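Peer 1: Mind having a look at this structure? Questions to follow.
Number of protein chains: 2
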Amino acid sequence: MRKKSPTILARRLVEQSRFLKAEQIDLEFSNGERRTHERLRTTGFGAVIMVPMLDEDTVLLVREYATGIESYELGLPKGRLDRDETVAQGADRELKEEIGYGARELHILATLSLSPTYMSAMTHVVLARDLYPERLQGDEPEELEVVPWKLSELHTLLLEPEVSEGRSIAALFIAREFLAGRYRPSA
Amino acid sequence: MRKKSPTILARRLVEQSRFLKAEQIDLEFSNGERRTHERLRTTGFGAVIMVPMLDEDTVLLVREYATGIESYELGLPKGRLDRDETVAQGADRELKEEIGYGARELHILATLSLSPTYMSAMTHVVLARDLYPERLQGDEPEELEVVPWKLSELHTLLLEPEVSEGRSIAALFIAREFLAGRYRPSA
């Protein structure tokens, strides 16, 4: 059962910078309660996070410096889509830039929100299989270290101090459910 | 093996609003490459997301309107910590406000980043067990619908159109690994 969404009475742009727009939204809930909520809208064309499989159980992770938390992060390769790029094209390009592989088979498994209460941002989770070596030059300041991990050993990955990103952990478990045949996304 | 983090040459506050601070950080990587990165710092005292277990296999989810993505979201209860509140205290308070239960047993399973490249935000994942009915009045505009789900059936949850939040999906799988005895967080 899906609940009836509140009525949107008004929207106001309250702040705009190069990367973000902050909006105020006046809502009326189905019980008559009114609230003004704020949310951040990201600019750009969306994001992709890839689950690149070297074989049926080996996923390729990257170790990359993450400025937001000021430490190296071990997780799935990801990036932002360029203008006029499909999700599959963006995923394939980012893989070539970050791990030095293209993928002959790309499959969208899910679309994840980041912080659904406060942000509009969405990230497509793309399973990448049938990999072949091909490198594209990205804008990375240093070559990313590629770290193979076993999907059957995700519980040991959780112990790594450099693993923190919720989206990346979610995407790995979603891929594992998919590859085990327990989950098929609706078309 | 942990990589040596880049040297931070300078930090500048470039934007400040009620909710966020945007910073520029000048970095020098170990290979001598320099970059200026931008990140958002959230204000406040951090966030918690709870995995409330009614019994060994039943987790209590909430259906709540998410203004960021303009739709109802089905996921774990969560909230922001108040000043002078421990993680466990904040988790217990949010549970009483959102699902009408307190918890006699609270256990921090992990701390998740949101978007580690661009944001400083971190969320504690708290397993809540030995629940008892107790309601605190929160600031919710409508009573949240509580939806029990089986941890053993997480693959079916992924099919729900109202399930999108990466952090929530990650926290559920982490809790399942913990409860199955495959994962023990380091103290």
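Chains as they are written, first to last, in our numbering: chain R, 840 to 1026; chain E, 840 to 1026. Here a beta-carbon is modelled for each residue, glycine too, at the ideal position from N, C-alpha and C. None of these values were measured; they are calculated from a predicted model.
Count the other C-beta atoms from every protein chain shown that fall within 10 angstroms of the C-beta of E/Phe884, then say buried if there are 16 or more, exposed otherwise.
Peer 2: exposed
Peer 1: Using a cut-off of 7 Å between C-beta atoms, extract the partners of E/Ala949 located in chain R.
Peer 2: Leu997
Peer 1: Which ranges would you report for the beta strand (DSSP E) in the segment 933-964 of chain R if only whole runs of at least 3 residues count?
Peer 2: List check, beta strand (DSSP E) in window: 940-952.
Peer 1: Around the Cβ of R/Pro1000, are there at least 16 other Cβ atoms within 10 angstroms (buried) or fewer (exposed)?
Peer 2: exposed
Peer 1: Is the beta carbon of R/Lys935 within less than 6 Å of some heavy atom of the ligand ADP?
Peer 2: Inclusion of the ligand ADP in the displayed structure is not the case, the ligand content being empty and no account of it being possible.
Peer 1: Here's the rule I'm using: 16 or more other beta-carbon atoms within 10 Å means buried, otherwise exposed. How should E/Ala960 be labelled?
Peer 2: buried
Peer 1: Could you give the distance in angstroms between the alpha-carbon of R/Val926 and the alpha-carbon of R/Leu879?
Peer 2: 22 Å
Peer 1: If you drop the 5 nearest sequence neighbours on each side, which residues of the same chain put their C-beta closer than 7 Å to that of E/Ala849?
Peer 2: Asp865
Peer 1: Tell whether a beta-carbon distance below 7 Å holds between E/Lys917 and E/Ile947.
Peer 2: no
Peer 1: What do you get for R/Lys935, buried or exposed, if any count of 16 or more other CB atoms within 10 angstroms of its CB means buried?
Peer 2: Counting the other Cβ atoms within 10 Å of the Cβ of R/Lys935 gives 16 or more, which makes it buried.
Peer 1: My output table needs one value for R/Thr882: the three-state DSSP class, helix, strand or coil.
Peer 2: coil
Peer 1: Does R/Phe884 have its Cβ less than 7 Å from a Cβ in chain E?
Peer 2: no
Peer 1: List in chain order: all unbroken alpha helix (DSSP H) runs of 4+ residues lying wholly within the segment 874-920 of chain R.
Peer 2: none
Peer 1: Which residue or residues does DSSP assign as beta-bridge partners of R/Glu854?
Peer 2: Partner(s): R/Ala861.
Peer 1: Can you tell which of E/Thr962, E/Ser844, E/Ala942 has the C-alpha that lies nearest to the C-alpha of E/Arg974?
Peer 2: Taking only the C-alpha atoms, the option nearest E/Arg974 is E/Ala942.
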